[in-house]
Amino acid sequence: MARPEGGSVVQAAVEPDVARGPIEHVFTANIPPLTDFPLRHALANSKISKTHLKRWEDAMGLFGKLFKGPEPDMEKSAANAEKLRALFNRAVDQGDSYRLIVGYTEDVRRFNYGFVHGSKTQIGNLIVGWNEATRTIVAVPTVPDLSGYGDPTYYRREEIHKAYRNKYPTDAFIIYPDRKGYIGINAYEWLEDESLYIYLYQKDELEAFTSFFQNEFATK
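Sequence positions in the sequence shown follow the numbering used here and run 498 to 717.
Structure (structure tokens):
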């Protein structure tokens, strides 16, 4: 394609080609996404039509979402947050005095409710509450769809043997209630697989729990 006299490189690269189509032509031009304002401004003022520019922006937006990956359904997350709060308050006295996250454990021997099978192991889903004033963590076993719950287990700071955050081989909160065994609580901002895990986006609450665990609950 001939470069128009007096035109910029950007103009030459994105000049519409009817035979090949605007989107195909854009890819062969290797122009970066429209995240940079000067580039967006240059394209807007070039010979490319508004229709082709809109198609380019739509394509870049689509690819941006693909590269970014899946995003949580916040409406579904909010509904599950209400469900797990209701379950926790039924299982635990003065449940409203606890903040909540969800997690899971592979140490299912301590629980008699809510096991699901992963590819290689059993998983126990947990509603995990913590009370900063009493330095207490409560784990309530449940299932991914939050259709029921089991008996709560209490871990009081003054009663446990030790507690620490483990980073390898997995990031987990480890609590030894005694010298005979431990529970490892795995918790993440969000896990997409609803067949194995509770669907909840919990970035802020997980950060708060992590701070409490490391600064107030973990043994030194």
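Beta carbons are placed, not taken as given, at the ideal position from N, Cα and C, and that holds for glycine.
With residue i as the anchor, note down where its alpha helix (DSSP H) starts and where it stops.
i, result
"residue 581", "571 to 588"
"residue 703", "700 to 709"
Could you check whether residue j and residue i sit closer than 8 Å to each other, using their CB atoms as the reference points?
i, j, result
"residue 639", "residue 651", "no"
"residue 620", "residue 584", "no"
"residue 700", "residue 686", "yes"
"residue 684", "residue 600", "yes"
"residue 694", "residue 641", "yes"
"residue 453", "residue 706", "Nothing about residue 453 can be read from this structure; the chain reaches only from 498 to 717."
"residue 643", "residue 581", "yes"
"residue 589", "residue 635", "yes"
Based on the DSSP secondary-structure assignment, which residues constitute the bridge partners of residue i?
i, result
"residue 623", "600, 638"
"residue 653", "633"
"residue 669", "663"
"residue 612", "621"
"residue 628", "633"
"residue 646", "639"
Between which two residues does the beta strand (DSSP E) harbouring residue i extend?
i, result
"residue 660", "659 to 663"
"residue 681", "680 to 682"
Thinking residue i and residue j are a contact (beta carbons under 8 Å), I'd like their distance in whole angstroms, please.
i, j, result
"residue 715", "residue 661", "5 Å"
"residue 680", "residue 602", "6 Å"
"residue 697", "residue 578", "6 Å"
*asked:* Could you check whether the segment 586 to 600 touches the segment 671 to 678, counting it as contact only if at least three pairs of C-beta atoms, one from each stretch, sit closer than 8 Å?
replied: Touching, no, given that fewer than three Cβ pairs across the two stretches are closer than 8 Å.
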